[in-house]
Amino acid sequence: MILGLHHAQITIPSGKEAEAKAFYSELLGLPEIPKPESLQGRGGFWLQVGTQEVHVGAEEGFDRSTTKAHLAYLVSDLAHWKQVLDQAGIEALSGIPIPGYDRFEFRDPFGNRVEMIQEL
């Protein structure tokens, strides 16, 4: 039996942790949580998102801008996030409508597709 989702992982280029922390922890406000000591030498970092975790791993040789794979962050004020991202120079793109939700997507500084979604 599957009980739920524990974490999801995205990747960034190796050595870009400081830039990724500036985006995810400072701009988006996601708190960093400790990685187990056994994994600390592998690069990347972990974030707390509600009751789930997002693991940011380091990986080379992958063009993140070519995939539909993404995380969707459930938010309470979509307009606020559109403004925050616009002020940071990040373009919000409209997605195909989903009944009961308003949403937009964008690419993080590393090409990862990200979605912000708000229940109507």
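Adding 258 to a residue's 1-based position in the sequence shown gives its number in this note's numbering. Where a beta carbon is used, it is the ideal one built from N, C-alpha and C, also for glycine.
Query raised in the report: In whole angstroms, what separates the C-alpha of A346 from that of Y331?
Result: 18 Å
Requested in this report: Tell me T379's beta-bridge partners as DSSP assigns them.
Outcome: There is no way to answer for residue 379, as the model of the chain reaches only from 259 to 378.
Requested in this report: Would you mind giving the Cβ-Cβ distance between F368 and I270, rounded to the nearest angstrom? I have them listed as a contact below 8 Å.
Outcome: 5 Å between Cβ atoms; contact.
Report task. Can you give me the start and stop residues for the beta strand (DSSP E) that V307 sits inside? Result -> Unbroken beta strand (DSSP E) run through V307: 303-307.
Requested in this report: Can you tell me which of the three DSSP states S352 falls into?
Outcome: strand
**Report entry** E277 and S283 closer than 8 Å at C-beta
**Finding:** no
Requested in this report: Look at the Cβ atom of V314, then the Cβ atom of G302, and state whether they are nearer than 8 Å.
Outcome: A Cβ-Cβ contact shorter than 8 Å links V314 with G302.
Query raised in the report: What span of residues does the beta strand (DSSP E) with Q298 cover, start to end?
Result: Here Q298 belongs to no beta strand (DSSP E), and DSSP marks it neither H nor E.
Query raised in the report: What distance in whole Å lies between the Cβ atoms of R371 and T325, which are believed to be in contact at a cut-off of 8 Å?
Result: 7 Å
Query - CA nearest to the CA of R322, picked from I356, Q267, I375, G299 - result: Q267
Query raised in the report: When you compare only the Cα positions, how much space is there between G353 and Y359?
Result: Going from the Cα of G353 to the Cα of Y359 covers about 11 Å.
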